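Before any comments, here is the structure.
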Amino acid sequence: MLAYVNAKSKILKYINDCGLEAGDRLPTEVDLSKQLGIGRLSLREGLNALKSEGIIVSMQGRGTYVACSSTQISDTLNMNYSVTEMIRCSGHEPGSIYFKKEILPADNIVAAALRIEPGMDVSLCTRIRTADRVPVVVTKDYLSPVLATAFLALSAQDISLYDFIEKNSVFTIGSSITEIIPECAEEELAGALDVPVGTPLLELCATVSDVFGTPLIYAREYFLADRFRFVVMRGKK
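All the letters of the sequence shown, read from the start, carry residue numbers 214 to 450 under the working numbering.
What follows is the structure in structure tokens.
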């Protein structure tokens, strides 16, 4: 895990454990570094990540304050994190309460994303993902035929699909292209997430490639809109 991601996770855990809410002040960097056992540079990078996501805010000469509820899972889409990493580095415990594997023919959308012919067999892994044992996202991961052999060993105990692929195949996870679509939960998703029909969701459709640009996964992920906050940093060039 990157040092700043580890620092961000520890800071969020501190906020949660101390019951800090919006408007509460954090200790100074020196004190927080000592309490969390984090180097000053890593701590500062973790704080900056949380600032960019709107979780904390610094005021000149007054200190750093909690800006919003830390129960919301925040992530920057500038980095290609798995759902597991996203939940963990927001200070929550990732898990799964539903796991299903199946083989099915690729439709036109999946085939185009994975650069294969429509109708070719692909592996589908469907999971209900949890944060602190509460269902927060349904993921449907379509794996490229190049991962068919590795897919046979995938089990419910493999919390992170990215970690599983890197440990059980020759591929290294690289970048992803992601589209965000607002949705309302229909009956199946509402039941899976234990929310009323019509609850707002954020659907992320992502094509994940290896470091050489080979498509490995086409993912459809349905996040509870009130539990997740996605931030994108943009520049003029």
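For every residue, glycine included, the Cβ atom is placed at its ideal position computed from N, Cα and C. All values derive from a computational prediction rather than experimental measurement.
- In the three-state reduction of the DSSP assignment, residue 299 falls in the helix class.
- Going by DSSP, residue 260 is part of the alpha helix (DSSP H) stretching over 253-265.
- In chain order, 314, 336, 338 and 356 place their CB closer than 8 Å to the CB of residue 364, counting only its own chain and leaving out the 5 sequence neighbours on each side.
- In the DSSP assignment, residue 350 falls within the unbroken beta strand (DSSP E) covering 347-356.
- If you look at residue 404, you'll find it in the alpha helix (DSSP H) that goes 400-406.
- Here DSSP, grouped into helix, strand and coil, assigns residue 438 to coil.
- The beta-carbon distance between residue 442 and residue 306, rounded to whole angstroms, is 18 Å. This is too long to meet the 8 Å contact definition.
- Secondary structure within the stretch 313-352: the alpha helix (DSSP H) runs of 4 or more consecutive residues, fully enclosed, are 321-327 (chain order).
- In the structure shown, residue 371 adopts coil according to DSSP, grouped into three states.
- Residue 420 sits in a strand when the DSSP states are folded into three classes.
- For residue 223, the CB contacts under 7 Å within the same chain, skipping 5 residues up- and downstream, are 249 and 251 in chain order.
- Bounds of the beta strand (DSSP E) holding residue 390 are 386-397.
- Looking at 218, 276 and 428, the one whose alpha-carbon comes closest to that of residue 391 is 428.
- In the DSSP assignment, residue 362 falls outside any beta strand (DSSP E) and lies within the alpha helix (DSSP H) extending over 361-364.
- Around the beta carbon of residue 407, a 10 Å sphere encloses fewer than 16 other beta carbons of the protein chains shown; the residue is thus reported as exposed.
- Following the DSSP letters along the chain, one finds residue 271 in no alpha helix (DSSP H) but inside the beta strand (DSSP E) bounded by residues 269-272.
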